[in-house]
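Peer 1: Anchor point for the sequence shown: position 135 equals 135 in the working numbering, and the numbering is continuous, going up by one each time.
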Amino acid sequence: MKALPRPALPEGPVQTLFDELHELHHRAGWPSLREMAAEVGCSHTTISVAFSGPRPPRWGLLELIVETLGGDTERFHQLWLAASRAVDGPATVTPAVPMVAVAPPAPPAVPVVPRDLPADIVGFTGRIEQLAELDELLTDDNAGVVIAEISGTAGVGKTALAVHWSHRVADRFPDGQLYVNLRGYDPDKPLGPDEALEAFLRELGVDGPAIPPEVAQRAARYRSLLAGRRMLVLLDNANAVDQIRDLLPGTPSCIAVVTSRDTLPGLVARYGAYRVDLDLLPMADATALLRRLIGRRVVVEPDAAEALARRCARLPLALRIASELATSRPRATLAELVAELDEQSLDVFAAGDDDYTAVRAVFSWSQRQLDDDAARAFALLGLHPGTDIDVTAAATLFDGPPAEARRVLDALARAHLLDARGRARFAMHDLLRAYAAELAGQLPEPVQHAARTRLFDHYLATASKIVDSSEPRGWIETERANLLAVAAVAATEWPSLTVGFAITLTRYLDARAYYTEAQTLAELALDAARAMGDQSSEAVVLNELGSVHNRVHQYAEAQALHEKALQLHRELGDRSGEGLALYGLGIVAWRTGRYADALADVQRALDLFRETADRVSEGRALYTLGSIEQRLGRYEPALEHGLAAVAMNGELGERIAEGRSYNNAGQVFLRLGRYVEAGEHYGRALQIAREIGNLAGECVALTNLGDVAVALDDLPAAQEYYEQALAMGIDIGRRLGQADALRGLGVVNSQLGQHQDAVDSARRAVTLATEVGEVDIRLQTLIDLGRVLHAADRDDEAAKAYRQALQLAERYADPYEQACALRGLAELPSEPSRDEHERAAETIFTKLGL
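Okay, here's the thing in structure tokens:
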């Protein structure tokens with residue numbers, strides 16, 4: 001398939017816009033731009049000129065294309081506006097809001113250059129033709145993304161070939177190499193595209209909270225980061241096209257190498273992949289590999305060497321294991337070793353007439369050469385559900401000291417039954433994992449149960465210790481996949497452990513923006529708690545699951561979960577849990593505009609937190625309470641609670657909560673017209689967000705500083721703040737932040753006389769705010785839409801926006817926004833009740849003390 005050609009465009013919003021369109025074209029699988037143009041009734045020349053000219057394309061044309069491709073037309077509208085500003089907008093200036101002490105903007109990020117390839121294969125032999133085929137892919141004039149698919153049976157050396165070739169050509173890809181093992185034939189669970197994309201984004205320098213929640217958003221962000229860069233992406237051990245579709249680069253400067261036991265015909269038919277079929281090693285190459293690994297005995301006994309190669313099914317993995325055994329017994333002839341192998345009984349391992357059955361004989365032979373401790377350890381490793389293991393966990397599994405575990409692991413690595421990953425971690429080829437699992441299944445049931453109990457208890461106890469302390473959490477990140485795998489396996493036999501993992505890890509996963517994993521783990525734990533009849537654990541997990549849904553704006557689901565948790569906590573007499581459930585309900589009510597309900601819930605939660613001496617939760621409740629009171633027009637208590645939250649969270653070292661407290665206190669100062677203090681608090685919030693890498697908090701603070709700049713009539717500074725916030729909101733997939741920044745840009749553009757851009761930005765802000773479902777931002781965007789429409793002499797539309805805002809403000813009892821909507825209507829010359837609206841607005845503002 002030829003991908004959409006990429007004209008030479010300057011870096012920036014225009015290029016980003018084109019990259020997004022390129023991404024949609026890639027996902028649709030259309031073979032040419034001409035065909036895409038015909039599909040929407042446009043000429044190929046029209047589209048080409050639109051992208052190669054001095055301006056971005058007209059929105060109407062782009063909307064047709066994006067809509068036909070099934071894309072998000074509103075998101076593209078937003079990108080088009082950003083691109084238009086980049087071409088025709090005012091010169092970029094450094095924000096300079098007088099009297100606001102703000103940390104300097106972070107320096108431009110240096111692109112991360114990942115070097116993820118596994119170590120090159122020692123003694124790689126043969127595959128000359130296949131290496132040449134792969135080399136040709138770099139010399140052909142390929143218009144689209146180059147995809148190489150290496151297919152073949154298990155153990156045939158697909159990964160070895162891909163890794164070896166990737167190392168050979170790594171210098172051709174100076175922007176980096178990405179690697180992921182998709183575990184397509186893993187006995188437990190293959191890696192999903194969402195997990196793989198998250199790993200890639202982190203490798204490319206995207207911070208956890210900045211990773212979008214949806215697969216499509218992650219894929220778009222991933223391809224945007226790869227756009228124009230020369231990178232190699234190695235997708236190892238895939239089982240289907242669906243597993244890798246979103247992992248394919250979208251730019252012809254990159255190459256993707258895929259390995260799979262399947263031939264993946266859809267990858268060839270739809271994406272134009274070049275298939276490299278990998279068969280068993282030719283006999284000459286198989287014996288050459290034996291000669292390289294064993295030495296002169298192969299030359300002395302050529303017939304026995306060929307017999308050994310046949311016995312290993314000419315599979316590189318089996319040949320390497322057999323070579324290690326031969327090397328470890330230098331006085332035995334190869335003929336003796338082959339005879340010994342032929343005598344092995346395979347009945348216990350028979351699983352059909354396939355290459356794996358033949359390889360089992362080699363595995364069995366290798367395993368029987370181990371000493372008793374190593375053989376037992378290899379079987380016990382088959383009980384581990386994760387992909388790798390460190391020395392400490394292995395010692396727990398083996399029920400011995402770490403030094404002995406290290407000796408045994410080293411012995412297994414020397415026998416090629418394990419792969420060493422650094423000094424303290426070991427992994428296993430998937431064929432060997434399956435073989436070890438078979439051996440583990442033959443162990444007595446009490447032995448299996450005791451070993452897994454030791455291992456699972458070790459993981460949970462270590463994670464709990466780290467989470468409950470101030471220790472660095474690198475261990476949790478390293479072991480995250482193992483912890484989640486253990487939690488899933490434990491759900492049937494050790495349900496209390498699964499609950500323990502959820503209670504321990506959900507907050508960590510949430511903080512790191514692993515929302516999908518947090519939800520999956522909490523749902524597993526909920527089922528486990530209910531299976532045990534443990535209502536206390538069920539209530540705790542319901543709260544955690546509700547918080548996850550709240551985080552991704554699924555408010556109805558969050559409310560139902562918190563309500564059920566509240567009911568259970570009250571039945572159990574758990575006052576602390578009752579407070580957390582009420583707080584969760586308060587957050588839902590706040591986000592959805594039910595401010596009176598939110599105030600009651602959070603105030604009750606605050607009382608319970610104080611009753612149970614939960615100061616961390618108290619600090620969170622204080623800043624939330626201040627924000628709710630502000631919405632209700634109660635500025636004195638709002639400011640009191642906001643400043644108390646600043647002090648308490650600062651004292652406790654709760655940096656995220658401290659930054660939020662500064663932002664929320666700044667909101668009250670802004671509403672009161674105390675702009676200097678508002679700017680100071682927003683500046684401190686921005687500084688904290690940058691210090692701890694809280695990108696969502698940084699996005700909020702930037703928008704808030706833009707509001708201060710507008711209030712001080714510093715439009716260039718306001719525009720720069722809003723544009724930074726918008727770019728960050730797009731980067732981290734935070735739609736709420738995008739809506740708020742677009743609202744501000746609409747106001748700035750309106751005051752600069754750029755009325756159509758102002759209206760477009762404001763309308764997009766309203767749409768995003770409506771989609772997210774947060775009433776406060778929706779009200780602000782509607783009122784600002786009315787203002788920019790009035791400035792553009794579109795008073796009929798302005799009146800409609802103001803009336804919609806007024807209706808919402810009255811419904812949700814937000815007096816400030818109600819007054820703003822009334823004053824907006826009063827400013828419209830065509831409005832028949834102007835004086836009445838003005839008097840009503842003045843009355844409300846007076847009552848608010850504004």
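All residues carry an ideal CB built from backbone N, CA and C; glycine is no exception. None of the values given here were measured: they were computed from a predicted structure.
Name the two residues that bound the continuous beta strand (DSSP E) containing Gln179.
Peer 2: Looking at the sequence provided, one finds Tyr at residue 179 rather than Gln. That run of the beta strand (DSSP E) goes 177-181.
Peer 1: Where does Tyr514 sit, in a helix, a strand or coil, going by DSSP?
Peer 2: DSSP places Tyr514 in coil when its eight states are reduced to three.
Peer 1: Pair every Cβ in the stretch 734-742 with every Cβ in the stretch 768-775, then say whether three or more of these pairs are closer than 8 Å.
Peer 2: Because the criterion of three Cβ pairs below 8 Å is met, the stretch 734-742 and the stretch 768-775 touch.
Peer 1: Just how far apart, CA to CA, sit Ala840 and Ser761?
Peer 2: Near 29 Å, if we compare the C-alpha coordinates of Ser761 and Ala840.
Peer 1: Does the distance from the C-beta atom of Leu137 to that of Ala148 stay below 7 Å?
Peer 2: Cβ distance < 7 Å, so Leu137 and Ala148 count as in contact.
Peer 1: Identify the residues that DSSP records as bridge partners of Phe124: which are they?
Peer 2: Answer is none; Phe124 lacks a bridge partner.
Peer 1: Are the CB atoms of Ala326 and Leu337 within a distance shorter than 7 Å?
Peer 2: Result yes, Cβ atoms of Leu337 and Ala326 sit closer than 7 Å.
Peer 1: Would you give the residue range spanned by the beta strand (DSSP E) that Phe426 belongs to?
Peer 2: Taken as a continuous stretch (DSSP letters only), the beta strand (DSSP E) holding Phe426 covers 425-427.
Peer 1: Determine, using beta carbons only, whether Ala379 and Val391 come nearer to each other than 7 Å.
Peer 2: No, these two residues do not count as a Cβ contact at 7 Å.
Peer 1: Rounded to whole angstroms, what's the CA-CA distance from Glu301 to Arg310? Just pull it up for me.
Peer 2: Distance between the alpha carbons of Glu301 and Arg310 is about 14 Å.
Peer 1: Give a yes or no on contact between the stretch 368-377 and the stretch 395-411, applying the rule of three or more CB pairs nearer than 8 Å.
Peer 2: The stretch 368-377, when compared against the stretch 395-411, does touch it at the 8 Å Cβ threshold.
Peer 1: Evaluate Ala502 with the Cβ neighbour count: other Cβ atoms within 10 Å of its Cβ, from every protein chain shown; 16 or more gives buried, anything less gives exposed.
Peer 2: Classification for Ala502: buried.
Peer 1: Can you tell me whether Glu720 is buried or exposed, with buried defined as 16 or more other CB within 10 angstroms of its CB?
Peer 2: Classification for Glu720: buried.
Peer 1: Below 8 Å CB to CB, which residues in the same chain sit around Ser496 once its five sequence neighbours on both sides are set aside?
Peer 2: Once the five neighbours on either side are set aside, the close Cβ partners of Ser496 are Ala528, Met532, Asp534, Ser537.
Peer 1: Can you list, in chain order, the residues of its chain with a C-beta nearer than 8 Å to that of Leu455? Leave out the 5 residues immediately preceding and following it.
Peer 2: Leu383, His384, Ala393, Thr396, Leu397, Val486, listed in sequence order.
Peer 1: Is it right to say Pro249 is buried, meaning 16 or more other beta carbons lie within 10 angstroms of its own, or is it exposed?
Peer 2: Pro249 is buried by the Cβ-count criterion.
Peer 1: For Val102 and Glu677, I'd like the C-alpha separation in whole angstroms.
Peer 2: With a pLDDT of 45 at Val102, under the threshold of 50, the modelled position of this residue cannot be trusted, and the question is left open.
Peer 1: May I ask which residues mark the beginning and end of the beta strand (DSSP E) holding Glu198?
Peer 2: Note, Glu198: premise wrong, no beta strand (DSSP E); alpha helix (DSSP H) at 193-203.
Peer 1: Helix or strand or just coil, what does DSSP make of Asn239?
Peer 2: Coil.
Peer 1: Count the other CB atoms within 10 Å of the CB of Ala231; is the residue buried (16 or more) or exposed (fewer)?
Peer 2: Per the sequence presented here, residue 231 reads as Met, with Ala not at that position. Answer is buried; the Cβ neighbour count reaches 16.
Peer 1: Can you grab the Cα-Cα spacing for the pair Ala284 / Lys465, in whole Å?
Peer 2: If I take the Cα positions, the gap works out to 55 Å.
Peer 1: DSSP beta-bridge partners for Arg115?
Peer 2: DSSP, once it has assigned bridges, lists Gln177 as partnering Arg115.
Peer 1: Arg34 to Pro212, Cα distance in whole Å?
Peer 2: For Arg34, the predicted structure reports a pLDDT of 40, less than 50, and the residue's modelled location is therefore unreliable. A value from the coordinates is still provided. Whole-angstrom Cα-Cα distance: 32 Å.
Peer 1: Could you please give the first and the last residue of the uninterrupted beta strand (DSSP E) stretch that includes Asp277?
Peer 2: Per DSSP, Asp277 belongs to the beta strand (DSSP E) from 274-277.
Peer 1: If you follow the beta strand (DSSP E) that Leu588 is in, where does it begin and where does it stop?
Peer 2: It should be pointed out that residue 588 corresponds to Val in this sequence rather than to Leu. First-last for Val588: 575-591, but that is the alpha helix (DSSP H), not the beta strand (DSSP E).
Peer 1: Buried or exposed for Pro444, going by 16 or more other Cβ atoms inside 10 Å?
Peer 2: The residue in question, Pro444, is exposed, as its Cβ has fewer than 16 Cβ neighbours within 10 Å.
Peer 1: Among residues of its own chain, excluding the 5 on either side of Glu797, which ones have a beta-carbon nearer than 8 Å to its beta-carbon?
Peer 2: Excluding positions up to five away in sequence, the list reads Leu789.
Peer 1: Return helix, strand or coil for Thr46, following the three-state DSSP convention.
Peer 2: Per-residue confidence for Thr46 stands at a pLDDT of 37, beneath the threshold of 50, marking its modelled position as unreliable; no derived number is given.
Peer 1: In three-state DSSP terms, what is Thr159?
Peer 2: Residue state, collapsed to three classes: helix.
Peer 1: Can you find the residues in the same chain that come closer than 7 Å, C-beta to C-beta, to Asp597, ignoring five residues on each side of it along the sequence?
Peer 2: Excluding residues within five positions, the ones whose Cβ falls inside 7 Å are Ala589.
Peer 1: Report the residue from Glu691, Ser366, Ile244, Arg291 whose alpha carbon sits nearest the alpha carbon of Val268.
Peer 2: Selected option, being the one with the closest Cα: Ile244.
Peer 1: Can you tell me which residues form a DSSP beta bridge with Ile777?
Peer 2: Per DSSP, none; premise fails for Ile777.
Peer 1: Whole angstroms are fine: how far does the CA of Leu235 sit from the CA of Gly176?
Peer 2: If you take the alpha carbons of Gly176 and Leu235, they lie about 14 Å apart.
Peer 1: Could you have a look at Ile147 and say whether DSSP puts it in helix, strand or coil?
Peer 2: Residue state, collapsed to three classes: strand.
Peer 1: Skipping 5 residues on each side, what residues in its chain have a beta carbon closer than 6 Å to that of Glu817?
Peer 2: Excluding sequence neighbours, Glu817 sits near Leu779, Ala809.
Peer 1: Do you know whose CA, among Leu178, Arg811, Arg610, Ala821, lies nearest Tyr802's CA?
Peer 2: It is Ala821.
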